[in-house]
Amino acid sequence: MLAVDARELTKTFRSGWFGRLRKEALRGASLQVPSGAIFGLLGPNGAGKTTLLSILATLLLPDSGSATILGHDVVREAGAIRRRLNMASGNASFVWSLRPREVLSFYGGLYGLSGRRLRSKVDRLIEQCELGPYAKTEYNALSTGIKQRLAMAKALLNDPEVLFLDEPTLGLDPDISIRLRAQIASLRRERGTTIILTTHYMREAEELCDEIAFIKAGRILAQGTADELKRQIRIGDVIALRLDPAAPRGLEDLPGILQLQARGEHVDCTVDAVDKRLPEILRWLHEQGVLVRDCQVHEPDLEEVFVELAR
-19 MLAVDARELT KTFRSGWFGR LRKEALRGAS LQVPSGAIFG LLGPNGAGKT
31 TLLSILATLL LPDSGSATIL GHDVVREAGA IRRRLNMASG NASFVWSLRP
81 REVLSFYGGL YGLSGRRLRS KVDRLIEQCE LGPYAKTEYN ALSTGIKQRL
131 AMAKALLNDP EVLFLDEPTL GLDPDISIRL RAQIASLRRE RGTTIILTTH
181 YMREAEELCD EIAFIKAGRI LAQGTADELK RQIRIGDVIA LRLDPAAPRG
231 LEDLPGILQL QARGEHVDCT VDAVDKRLPE ILRWLHEQGV LVRDCQVHEP
281 DLEEVFVELA R
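Under the numbering used here, the sequence shown has 11 at position 31, and the numbering climbs by one with no breaks.
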């Protein structure tokens, strides 16, 4: 079952005299996210990530196309969707003079909580998000990391079935980022929450996400698991060899070799599937009387995929 199903979404922003200046933020973006998945949305600045999330969160209306969240249309059934989702931004901003407990109490009231139920929920989130030492500190005096934790706590007030996280670890220290990522993973593991997050951190996406989509100039260029994306754009595993003597002719013609770079006794073979091709390459070299003095395998990461797709 799909938690999110977006089809051919478009959005153009107009500015200037009589709206003469146009910026196409989304140009036919389509996205499908299974229930209970952690889904990553990656792309350069200005690619349309925040616009897409804002439409899915019913904060913006699309110009055309359609999208459903948990089976409800984001335009016609926005009210039904809002009760079941929430959103946290890496650039969250609350009233400067409010304290974390006051922020959570205010938003809890907007979500229909009151009395003992509201107090219990706020207390639980303050403990869960480690906000206890800062509960009486004004918002403008909080560090970036604590503000991020508060934004996450606010997003959990209504126990959302779908959670949108826009750059959740932006600007955070590594130790805080690790703890926040652990919290995101636990939401899916313990509650089955469907999570869509935007990020610039390739390691974060590869660590957390079941599937990943790359967006550029308002279009989804590719979608799949990390391994599927690497195969889609033919970024293969690299087998680095040190040979004695140097690589003989014919090595580049073996099946599955996408690219070969030779520098004297050092040879880098980019292959489609290392588990299958490494034994074949070693066997062929042995038959040619070539001694393999060193062999290392380098697997491509998402950063290489991102760079390739962002060109």
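From the three backbone atoms N, C-alpha and C, an ideal C-beta is built for every residue, glycine too.
- Cα atoms of SER73 and THR(-8): separation of roughly 25 Å, rounded to the nearest angstrom.
- In this structure, DSSP gives LEU221 an extended state, which the three-state scheme calls strand.
- In this structure LEU209 is in contact with VAL285, their Cβ atoms being roughly 5 Å apart against a cut-off of 8 Å.
- Residue state for ARG199 is assigned as strand, using DSSP reduced to three classes.
- THR149 sits in coil when the DSSP states are folded into three classes, being neither helix nor strand.
- Residue ILE237 holds the alpha-carbon nearest to the alpha-carbon of VAL251 among VAL13, ILE237, THR38.
- The shortest CA-to-CA distance from SER44 to any of ILE261, GLY28, THR(-10), LEU188 is the one to THR(-10).
- Under the 10 Å beta carbon count, GLN239 is surrounded by fewer than 16 other beta carbons and is classified as exposed.
- In this structure ASP217 is buried. Its beta-carbon is surrounded by 16 or more other beta-carbon atoms within 10 angstroms.
- CA-to-CA, the gap between MET132 and ALA68 works out to about 6 Å.
- Scanning GLY172, ARG63, THR205 for the CA closest to the CA of GLU187 turns up THR205.
- Within the same chain, and ignoring the five residues on either side of ILE106 in sequence, the residues whose Cβ sits closer than 8 Å to its Cβ are PRO80, ARG81, LEU84, GLY112, ALA115, ALA133.
- For THR31, the enclosing alpha helix (DSSP H) starts and ends at 29 to 36.
- Around the CB of SER157, 16 or more other CB atoms lie within 10 Å, so the residue is classed as buried.
- Residue pairing by DSSP puts ILE49 in a beta bridge opposite VAL(-16), HIS52.
- If the five residues before and after ILE164 are omitted, its C-beta is found closer than 8 Å to the C-beta atoms of ILE18, LEU145, PRO148, ILE175, LEU177, LEU188, all from its own chain and listed in chain order.
- For the pair ILE195 and GLY23, the CB atoms are nearer than the 9 Å cut-off.
- Judged by DSSP in its simplified three-state form, PRO140 adopts coil rather than helix or strand.
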